[in-house]
Amino acid sequence: MIYAILGPLIISFLIPFFYKWKHKIHTGWILLPVPFVIFLYFLQFVGSEFSPIRQSYPWIPSLNIVFDLHLDGLSLLFSLLISGIGTLVLLYSIYYLDQSEKLAHFYIYLMIFMSAMLGVVLSDNVFVLYTFWEFTSLSSFLLIGYWHHRERSRYGALKSMLITVFGGLSLLGGVILLTTTAGTASIQEMIDQKDVIINSSYFPLILVFIFLGAFTKSAQFPFHIWLPDAMEAPTPVSAYLHSATMVKAGLYLIARLSPILAGEPWFFIAVSGIGMVTLCWGSFMAVRQTDLKGILAFSTISQLGMIMTMLGFGTKAAVFAAVFHILNHATFKGSLFMVAGIVDHETGTRDIRKLGGLMTLMPVSATLALFATFSMAGVPLPLLNGFYSKELFFSSSLELSTSGAALMNTLALVMPYLAVLGSIFTFVYSMYFFSGTFRGNLQADVLPKKPHEAPWGMLISPIVLVSGVILIGLFPNMVNEPLLAKTAEAVYGEAVQKEIYFWHGFETPFYMSMAVVGLGTLLAFTQKRWARVYQVIPGKWSFNVLYDLIVSGIYRVSETVTESYMNGSLRRYIRLILLAMLIAGFGFMMTTDGFMFSNADVAPISLTEVLIAVTMAVAAFATIYTSNRIAAILILGVVGYGLSLLFVIYRAPDLALTQLIVETVTVALFLLAFYHLPELRKIDDDKKERGINVIVAGLFGLLMAAVGISAHSSKWFEPISDYFLETSKTLGGGKNVVNVILVDMRGLDTLFEITVLGIAALAIYGLIKIRRTRE
Amino acid sequence: MEILMSILAGILFATGLYNLMQKQILRIVIGTGLISHGAHLFILTMGKLKRGAPPILDEGVGNYVDPLPQALILTSIVISFGVTSFLLALSYRTYVLNKTDNMEMLRGNENDQ
Amino acid sequence: MISNLAVLPIVIPLLSGIIAAFFHKKIILVRFFSKFMIIFNLLASVWIGFYIMENGSVILETGDWKAPYGIILVADQLSIILVITTNVIASLAVFYARSVLSERKEHYYFYTFFFLLISGVSGAFLTGDLFNLFVFYEVFLMASYALIVLGGEKIQLRESFKYVILNLFSSMLFVTTVAFLYSVVGTVNLAQIAERVQDVEQKGILTTIGILLFFVFASKAAIFPLYYWMPKSYIVPNPVVSALFGALLTKVGIYSILRVFSLIFVHEPMVQQLFLWLAGLSMIFGVIGALSTYNVKLIIVYNIIPAVGFMLMGIGLLSETGYAGAVYYLVHDMIIKAALFMLIGLIVYRAGTSDLRKMGGLLHRYPLLGWTFFISSLVLAGIPPFSGFIGKLLLLQAGFEKDQIMLVLIGLGSSLLILLSMIRIFIHAFWGEEQEVAAVSNKPAPSLAPSVILVLISVILGAGAEWFYPFVEDVSNMLADRDMYINSVLKE
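Quick mapping for you: the protein sequence lines, in order, are chains F, U and D.
Just so you know, we're using UniProt numbering here: the first sequence kicks off at 1 and counts up by one.
Just so you know, we're using UniProt numbering here: the second sequence kicks off at 1 and counts up by one.
Just so you know, we're using UniProt numbering here: the third sequence kicks off at 1 and counts up by one.
This is the structure we're talking about:
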C-alpha cells in the first residue's frame, strides 16, 4: 500500500529525466499506467468480504509520527476515486494539453498531488495526514498557477493557497490538541478514547480547529470563494482536484472523525448548518455565472455543501446517502468538467453568452452532457445515479430527530425545506448549463474557433464516467454491498445495511423530488425573466471583496505600522529601546521588591574623591553644552583622567596606568578624526525633543544607579577572588594578582581581547585603504 | 562612597545616553565614551572600594582589594579602546562619503538598496 | 588531555584567521587555505560531537585553573550541536563567498574577519563563564563590524554606524550587568552563579539584573522591541555576510538566553510571562515587517524576527517539550536562514534589482533556483515534513500543555503570514512574464550549490527527524535539569 502512496511521488522525480523524449511521445502516455495500476490494486479489495487492513511503518516514532496506513471502506472509496478519476484525467489531459506546454511541470504537480491525496485518505496517523493535507494544498497552488503568465491564475493560486493553508494550520492546531488529549496520534485509537476527547475542556476548540480545516478545504461557505478562482487551472485539474478529489478531503476528514465527533449537538449545528447554507448559496450563485467552469465551480460548492449536510445529520441513512453521493458526484461532475473543457478546446470560449446550439455540431459531447446534467439535477429516471442519492438526502432530512435543544430543533425542522430550495436551483443551473451550451442558436460569428466534435481520445474519459452514471443508475446495488456499505460502516461506526430502490412509493421524498422538478422546470424556462433576481446580491458585497480587503489590508497595515517606527532615525531607535528597558527594569524592580539600600559596608567618604567625582560629573554635563569640538574632546578627556585618578585612589595601579595611556591615545585619535569633521553645532532640538531625551536618559541613569546600589547592598556570597589572592603566588608565580589573573587564570579573555584589537586594526586599515584605492 | 560612585556612574550613563540621542556624529561618539567610563566605574564599585591594599602581594599585608573586577575592567578598557578607534574611523568615513554629520539626515529609504 | 578538545573549534579558526591575514594578498592561496581549514574545523567539531555523544560533556578548565576560578569551556550536547551547525554553514559560506565577493573585498581580510567571526561565535557557544561570554561577544561583534563595512559603500557606512552604536551600548550594558551580578553572587562562572542563586531565599535585586541581562541578549537576538538595528543593517553588506549574520549572530543571542535563563533565572514566573509576551509580539511585528516591503532582502531579514519569537516561546514555556522545540527550531533556523540569504543574493543578481515589483518570470530560465527557493519557503513556514515543522510542532504542543492558547494561535497565524511573505516573492519573482534585466553585471553568477545543500540538510532534518531528535531530547532533558550542568562543571 505504501508503494501506492509513494509511487507517484517517486515517479514524479523521474519525470525530468524522460521528459527529454518529449518530442517523440507525450509525457502523459508514459505516466498513464501509474494511476491505472494503483486503481487495479485497490479494485481487488472491493467485495463483500472486505475487512480493514492496517500497515505500519516507523517514521518519526519519537514524535508520534508513524506511517500507519489504514484501509477501510472509506479509504477504499476515496482511493478508488483518486486513482480511477486520476487515470481518466491523465488520459484526457494527453489530448487537452499540447506538447508545446511545459508538460513536465504539469505532470510533476499532478503526480505529487496524487501521492498526497492518497496519503490523506490512507493515513491513520494525524500528523502524517496533516503532512499530506498540506501537500494537496501546495500542489493545488502550483496547478492553479500552471499558466502563471496570466494575472488571474496567479491571483487564484495565491487565494486558494492562503485559504486552504489557513485551514491546514487550523487543522494542525486541531490534531495537536487531539493528540495531547487522547494520548495517541492514531485516529483508530482515538475512536476508543472518544469519551476522553468529548469531555475534555479543549473539546470546543478541537471542533473549531477541525471544522475550519475541513470547511476551507471543501469550499464551504464562506470559505468557498477560492474555488471559482481555482478554475484558472487547466480543465483536467479542475475535473480532478477541484471537483472529484481534493475538495472532498474536507468531507473525508469530517467523515473520518465522525465516529468521534458525530452525535454532538454542535457537530450537527455546525456541519449541517454550514453545509446547508453552502448548498443553497452555491446553487443560487451558480445560476448567475456566465463562465461554464464558473457554473460548475459553484455547482461543486453546492454539492459539497449537500454532502456536508448529510454528514452532519449523522444518521445511518444520511451517512449512507453521503458516501453514495460522493461517488455519484465524482462521476457526473467529472464528466461535466471534461465536457466543459472540450467545449472550451473546440470553440475557444467558455462564455455561455457566446455559446449555444452546439448539439448538432458536437453530438457526442452533447449526449454526455445531457446524461450528466440530468443526473446532477436529480431527474427521476432509473438510469441516472444522481436521483438516488438526492432522494436519499430528502428522506434522511425528514428523519431528523426533533428532540434536541431549541436551536437543533429549529434547524432540524427547516432542513427539508432548505433541501428542496437548494435542489430547485440545482435543477435550474443544470438546465442552464446544458441548454445554454448545446441548445438554442449557434452564434458562429462570436466564437473564436469554428466548432466541431472533439477527437475520440478526449471523449473516452467522459464516456467512461457517464457510463458509470448510467450503470450505477441502472444497477445501484451493484456498488452497494461490496463498497458503499463498507464505506458507510467506517463512517457510521457500525454495519449499515441499506437496499437502494428506485421506487419508494408515493411518500414525501417523492413529492419533494416532484416539487423540485416542477418548480425547477418552471424557473429554468423563465430564467431570463428572473435574471435581475439572481443579481440581487451585488458583487461588491461578496466575500471575494472581503478577501481582497483583508489581504490588501494586511499589506497596508503592515506598511503603515512598520514605517511608523522603522524610520531609520537612530535616536528614535535608542529611545524606544531605552523605553522598553526602563519599563521592564523599573517594573521588575518594583514588583519583586528589588531595590535595596544599605550603607553598612561602605568605604568612608573623603573630600578628594568627592571633588574628583563632582569634577567628572560637571565635565560629563559640559559635553552636552559645549559647542566647540576641541573643547568637547578635551572635556571627555577630563572624565577619563578623572577615572584614572579614581583608579589610583581605589588601589588599582594597573588600571590607572592603562586608563591614562588609553585615554591619551583616544583623545589623540579623536582630535585626528574630528579635525576633519565640522564644528559642533548647538543642540538645535525643539523643547519637546529635548525634553524626551532628558527624561529618557535621566531615568535610565537612575535605573542603572539604583540597580548598582541594590547590587552593592546585596553582597550575599564570598567572592571567588579570595582564591586568586591565595594562589596567585603559589600557583600563578606572580605577586601582582591582577596581572596573574589576566595572563593566567583568565588568560583566554586576554587572548581574545587582543584579537578584538587586532580585528579593529585590520578593519580600520581596510576602511581607510579601500578609499585610497578607489579615489 | 560606593553609593556616591554608583550615582556618578549613573550620571555618566545618563549624560552619555543624552549625547547618544543627538544628531551630530561627534556628539554620539562622545556619548559612547561617557557610557564606557560609566560602565568601568560600575565594575570597580562592585568590588569593595578601599578595603585593603592594592592587590600586589606583600609580606605582612592581610587585606587586599578585590582583584577580579580590576582584571575585568582592564579587559574591558582594551576592548572599548579597539571599538572606539574603529568607531572613529567609521564616523570619519561616514561623514566623508555621505557628506553630512547629521544622523537625522542619514535615515535612508528602505527601498533604495 | 581529551578535555582540550573543547577549545579546538575556537582555536582552529582563530589561528586560521591570523594566518590568512599574513597571506591576504595571495588570493588563490588564501581561498584554498580557507576552504581547507574551515572543513577541517567542521570535521574536528563533528568528531568532538561524536565523542560527546558517547562520553558526555567535555569540560576544559583553561590554564588548569579549576572551576569555578578559571575560565571554563563547557562542550555539552547543546553547545556542540550549535558549533557543528555553525561550521556547516560557515563551510558552505566560504564556497559561496568566492562567487559573490570581488577580489578587492577578499583582499581586505575578508577571510580573516570570517574566521574570527566563527571563532567568536563558537566561543560564545562553548564558554561557561559569563565575562568570557562578553569577550567572545566582542570578538564576533568586532568581526561583524569589519565585515559589514567591507566595501565601504555609502549606505553600508550609514547603516553600520547605527549598528555599531546600538551594539556598543548593549555591550556596555552587558559588562555592567556582569559586574552587578558579580557583586551579588561573587562569581562569574555560570554554573556557580546558578548554584548560588538557587540557595538564595529572597531573590531581591537578582530578578532585575536578570532582566537587564535578558535585554542585552535580546537586543542581539532581535527580539521585540529591540530589533530596530537589524533590518536595514542586514541588507547592506555582501550577500555572504548577510547570510552569516542572519544565520549566526541573532542565534547567539537566543542561545545565551536559552542557556542563562534555563540555568540561572528560572525562579520568577513573571520573567517567563514576559518572555511569552515578547515572543508573541515578536511573531506579530516580525511578520508585519515582512509583509510591509517589496525589498526581497528586507523580507528575509524581517523573517528572522518571528523565528526568534518561536524560540523565545519555547524558552519561556519552561518545559522539556518547549526546550526541545526551541533547540530544534534554533538549528533549523540557522540553516534555512543561511540558505535563504544566499538564495536571495542569487535572485537579486539574476533580476538585477531587489525590488519585487520589477521582477518576474525567473522560473523560465532558472528553474533550479526557483524550486530551491520554493522548498526553502516551505521549510521556513514550517510545512511538514521539513525541518521547520518539527520545531514548530514541539513548540505548539508545549504551548497547549501550558494552556497558552493565545500564543499558539499567534504562532499558527504568523506561520500563515510567513508563508504569504515568501510565496509573494515566489509569485512575483519567478512567475509571470520575464522582465528585462536592467544591467547585466559582468561578475560571475553567485553559486547555487551551497544553498541547495543547505536546503537538502533542512529536508533531512525534517523528514529524518528520527535520527536527530534523540539528541535534542537529551539536550532538553539537560536544560530542564539544572543540577546536571552545575554538577558536571563544579564536579560536586
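Beta carbons are placed, not taken as given, at the ideal position from N, Cα and C, and that holds for glycine.
Measuring CB to CB, does Thr437 of chain F end up less than 7 Å from Leu358 of chain F?
For Thr437 of chain F and Leu358 of chain F, yes; Cβs fall inside 7 Å.
Please identify, using Cβ separations under 9 Å, the residues of the segment 64-75 of chain U that lie next to chain F, in order along the chain.
Answer in chain order: Tyr64, Val65, Asp66, Pro67, Leu68, Pro69, Gln70, Ala71, Leu72, Ile73, Leu74 and Thr75.
Report yes or no: is there a C-beta of chain D within less than 7 Å of the C-beta of Phe588 of chain F?
So, interface residue.
Is Tyr92 of chain F buried or exposed, if buried means 16 or more other CB atoms sit within 10 Å of its CB?
So Tyr92 of chain F ends up on the buried side.
Since I believe Phe400 of chain D is in contact with Thr180 of chain F (beta carbons under 8 Å), could you give me their beta-carbon distance rounded to a whole number of angstroms?
Right, their Cβ atoms sit about 5 Å apart.
Does DSSP put Pro58 of chain F in a helix, a strand or coil?
The answer is strand: DSSP assigns Pro58 of chain F an E or B state.
Does the CB of Glu268 of chain D have a neighbour CB from chain U at under 7 Å?
Output row for Glu268 of chain D: interface = no.
List, in order along the chain, the chain U residues whose C-beta lies closer than 8 Å to that of Arg158 of chain D?
Per Cβ cutoff of 8 Å: Thr94, Asn98, Leu106 and Gly108.
Less than 6 Å between C-beta atoms, sequence neighbours within five positions excluded: which residues of the same chain meet that for Leu392 of chain F?
Excluding residues within five positions, the ones whose Cβ falls inside 6 Å are Ala321.
Listed in chain order, which residues of the segment 640-668 of chain F have Cβ atoms closer than 8 Å to some Cβ of chain U?
Result list: Gly640, Leu643, Leu646, Phe647, Ile649, Tyr650, Arg651, Ala652, Pro653, Asp654, Leu655, Thr658, Gln659, Val662, Val665 and Thr666.
I believe Leu87 of chain U touches Thr32 of chain U by the beta-carbon criterion, under 8 Å. Please report the beta-carbon distance rounded to the nearest angstrom.
At roughly 7 Å, the Cβ-Cβ gap stays under 8 Å, so Leu87 of chain U and Thr32 of chain U are in contact.
Give me the subset of the segment 198-210 of chain D whose CB atoms are less than 9 Å from a CB atom of chain F, sorted by chain position.
Those residues of the segment 198-210 of chain D that come within reach of chain F (Cβ to Cβ, closer than 9 Å) are Asp199, Val200, Gln202, Lys203, Gly204, Ile205, Leu206, Thr207, Thr208, Ile209 and Gly210.
Nearest by alpha-carbon distance to Leu396 of chain D: which of D:Thr353, D:Ser319, D:Arg424 and D:Ala465 is it?
When each option's Cα is compared against that of Leu396 of chain D, the closest is D:Ser319.
What does a CB cutoff of less than 7 Å around Leu15 of chain D pick up in its chain, not counting 5 residues either side in sequence?
Nothing meets the Cβ criterion.
In terms of alpha-carbon separation, which member of F:Leu69, F:Leu261 and F:Ala239 lies closest to Asn199 of chain F?
Ranking F:Leu69, F:Leu261 and F:Ala239 by Cα distance to Asn199 of chain F puts F:Leu261 first.
Against Ile554 of chain F, what residues of chain D qualify as contacts under a CB-to-CB distance less than 7 Å, listed in chain order?
Correct list: Leu291.
Does the distance from the C-beta atom of Leu63 of chain F to that of Leu412 of chain D stay below 7 Å?
Not in contact: Leu63 of chain F and Leu412 of chain D (Cβ atoms no closer than 7 Å).
Which partner residues does Glu320 of chain D have in the DSSP bridge list?
Its beta-bridge partners do not exist; DSSP assigns none.
When you compare only the Cα positions, how much space is there between Ala39 of chain U and Leu579 of chain F?
Going by the C-alpha atoms only, they are around 20 Å apart.
Is Pro13 of chain D near Ile118 of chain D, with beta carbons less than 7 Å apart?
A contact, by the Cβ cut-off of 7 Å.
Identify each residue in the segment 131-150 of chain D for which the Cβ-Cβ distance to at least one residue of chain U is less than 7 Å, and report them in chain order.
Residues passing the 7 Å Cβ filter: Phe131, Val135, Glu138, Met142, Tyr145 and Val149.
Just checking: is the beta-carbon of Ser6 of chain U within a distance shorter than 7 Å of some beta-carbon in chain D?
Closer than 7 Å: no.
What is the residue span of the beta strand (DSSP E) that Asp483 of chain D lies within?
Counting along the chain, Asp483 of chain D falls outside any beta strand (DSSP E), though it belongs to the alpha helix (DSSP H) covering Arg482 to Leu490.
Quick one: what's Ala53 of chain U bridged to in DSSP?
According to DSSP, which records beta bridges pairwise, Ala53 of chain U is partnered with U:Tyr64.
Buried or exposed: Ser564 of chain F, going by 16 or more other Cβ atoms within 10 Å of its Cβ?
So Ser564 of chain F counts as exposed.
Could you please give the first and the last residue of the uninterrupted beta strand (DSSP E) stretch that includes Glu61 of chain D?
Counting along the chain, the beta strand (DSSP E) containing Glu61 of chain D begins and ends at Val58 to Glu61.
Suppose you measure from the CA of Phe136 of chain D to the CA of Leu118 of chain F; what does that come to, to the nearest Å?
Approximately 52 Å, taken between the alpha carbons.
Does the distance from the CB of Ile94 of chain F to the CB of His26 of chain F come in under 7 Å?
Yes; because the gap between Cβ atoms is below 7 Å, this pair is in contact.
Can you tell me which of F:Pro416, F:Ala761 and F:Leu381 puts its alpha carbon nearest to the alpha carbon of Ala143 of chain D?
Ranking the options by Cα distance to Ala143 of chain D, first place goes to F:Ala761.
Can you check which of these residues, F:Asp68, F:Met114, F:Gly747 and F:Leu142, is closest to Ile423 of chain D by C-alpha distance?
Looking at the Cα atoms, F:Leu142 is the closest of the given residues.
Does Val756 of chain F have its Cβ less than 7 Å from a Cβ in chain D?
Cβ-Cβ to chain D under 7 Å: yes for Val756 of chain F.
Grouping DSSP H, G and I as helix and E and B as strand, with all else coil, what is Ala444 of chain F?
Of the three classes helix, strand and coil, the one that applies to Ala444 of chain F here is coil, per DSSP.
Can you look up Val74 of chain D in the DSSP assignment and give me helix, strand or coil?
Val74 of chain D: strand per DSSP, three-state reduction.
Only counting the same chain, and skipping five residues up and downstream in sequence, which positions put a Cβ closer than 7 Å to that of Leu101 of chain D?
Around Leu101 of chain D: Phe110, Asn238 and Val240.
Helix, strand or coil for Leu4 of chain U per DSSP?
Of the three classes helix, strand and coil, the one that applies to Leu4 of chain U here is helix, per DSSP.
Could you check whether the segment 243-258 of chain F touches the segment 74-86 of chain F, counting it as contact only if at least three pairs of C-beta atoms, one from each stretch, sit closer than 8 Å?
Enough Cβ pairs lie closer than 8 Å, so yes.
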